[in-house]
Amino acid sequence: MFDQIKRAVAGQILRGRWQSGERLPNEAELSALYGVSRQTVNKAIALLAREGFLVRRRRAGTFVATGRRDRFALPIEDIGDVVAREGRVYEFRIRERRSLRNGEGIRWPDLPDGTPILALECLHFSDGTPIQHERRLLNLDAVPEVAEESFESTAPSRWLVDRVPWSSAEHTVRAVNATGDMAALLGVEAGTACLSIRRQTVHLNRPITLVHFLSVGDRFSLSGSSITDSATELNL
């Protein structure tokens, strides 16, 4: 149980609920928040402090550590939120859904062969115009509950943002030209400039999802910022 509380607290910090240098609620408040004993909370906080993620100050309380190494990172954001901010209507369509084992036609390099995987293909729209194609793999050992999700009303990215914690993410971004098949899906001419993003998210050293996005160049943009590299120093 203390390990679950440790993950929960870390997840809240990584999502920005408690900022660098901010004081955490006391053990009694955290105990009430998570519905566990103060002893369980104390052990979880002690482990996070030992790993350098939190700082415990006698009589003052527990604080999120500061002065950590910065790095540039791309946000993990639901495409639906991006479209909504632009005042447009967001829609998505699941084109394919498959359950398989790693190594059976699809290989996820960071997972052992035989690991159960859910493979999804999705198309995202803004005001009825396709803007992004998505191919996603989900580690069913890490997120078994996703096997029961139909994704009829909630897009995979939205579902993950709302329900699954992550502690680190790796991005690879490239400029590519749309192939004939992909151009047909996105409603553009073959060879149109597109942005390709490969992202893998991890929580506590366990891969959660591996996704490839292909976005039409003049219909999509992204930006990043310098953030505190707390996840790396937490040994997640």
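Mapping the sequence shown onto full-length UniProt numbering, position 169 (from 1) lands on 169, and the numbers just tick up by one. Where is the CB? At the ideal position from N, CA and C, for every residue including glycine. Since this is a predicted model, take the numbers as computed values, not measurements.
Assigned secondary structure, residue i (DSSP; H/G/I helix, E/B strand, else coil)
i, result
"residue 148", "helix"
"residue 205", "coil"
"residue 32", "helix"
"residue 173", "strand"
"residue 42", "helix"
"residue 184", "helix"
"residue 156", "helix"
"residue 132", "strand"
"residue 117", "strand"
"residue 76", "coil"
"residue 61", "strand"
"residue 8", "helix"
"residue 193", "strand"
Own chain residues within Cβ distance below 6 Å of residue i, not counting five before or after
i, result
"residue 196", "174, 176, 214"
"residue 187", "130"
"residue 125", "91"
"residue 89", "127"
"residue 30", "41"
"residue 55", "63, 65"
"residue 13", "64"
Cα-Cα separation between residue i and residue j, rounded to whole angstroms
i, j, result
"residue 229", "residue 198", "Residue placement at residue 229 is flagged as unreliable, the pLDDT there being 43, under the threshold of 50; the coordinate-derived value follows with that caveat. Their backbone Cα atoms lie some 20 Å apart in a straight line."
"residue 11", "residue 189", "42 Å"
"residue 137", "residue 41", "34 Å"
"residue 61", "residue 207", "33 Å"
"residue 162", "residue 51", "27 Å"
"residue 106", "residue 218", "31 Å"
"residue 32", "residue 146", "28 Å"
"residue 171", "residue 113", "23 Å"
"residue 226", "residue 57", "Unreliable positioning characterises residue 226 in this predicted model, as indicated by a pLDDT of 44, which lies under 50. The coordinate reading is nonetheless provided below. Distance between the alpha carbons of residue 226 and residue 57 is about 27 Å."
"residue 211", "residue 84", "22 Å"
"residue 93", "residue 201", "23 Å"
"residue 151", "residue 59", "48 Å"
Expected contact under 8 Å - CB spacing of residue i and residue j to nearest Å
i, j, result
"residue 7", "residue 144", "About 16 Å separates the two Cβ atoms, so there is no contact after all."
"residue 66", "residue 20", "5 Å"
"residue 2", "residue 28", "No, residue 2 and residue 28 are not in contact; Cβ-Cβ is about 16 Å, not under 8 Å."
"residue 167", "residue 203", "5 Å"
"residue 108", "residue 64", "About 32 Å separates the two Cβ atoms, so there is no contact after all."
"residue 192", "residue 216", "7 Å"
Contacts around residue i, its chain only, beta-carbon distance under 7 Å, and the 5 residues preceding and following it disregarded
i, result
"residue 182", "133, 214"
"residue 141", "115, 116"
Close beta carbons around residue i, own chain, < 8 Å, minus the five adjacent residues each side
i, result
"residue 96", "119, 120, 121"
- Task: Answer yes if the stretch 164-177 comes into contact with the stretch 117-137, meaning at least three C-beta pairs across the two stretches below 8 Å, and no otherwise.
- Result: No, they do not touch.
Any chance the stretch 77-93 sits against the stretch 150-162, with 3 or more Cβ pairs inside 8 Å? Enough Cβ pairs lie closer than 8 Å, so yes.
If you pair each beta-carbon of the stretch 122-137 with each one of the stretch 85-105, do three or more pairs fall below 8 Å? By the Cβ criterion, the stretch 122-137 is in contact with the stretch 85-105, since at least three pairs of Cβ atoms, one from each stretch, lie closer than 8 Å.
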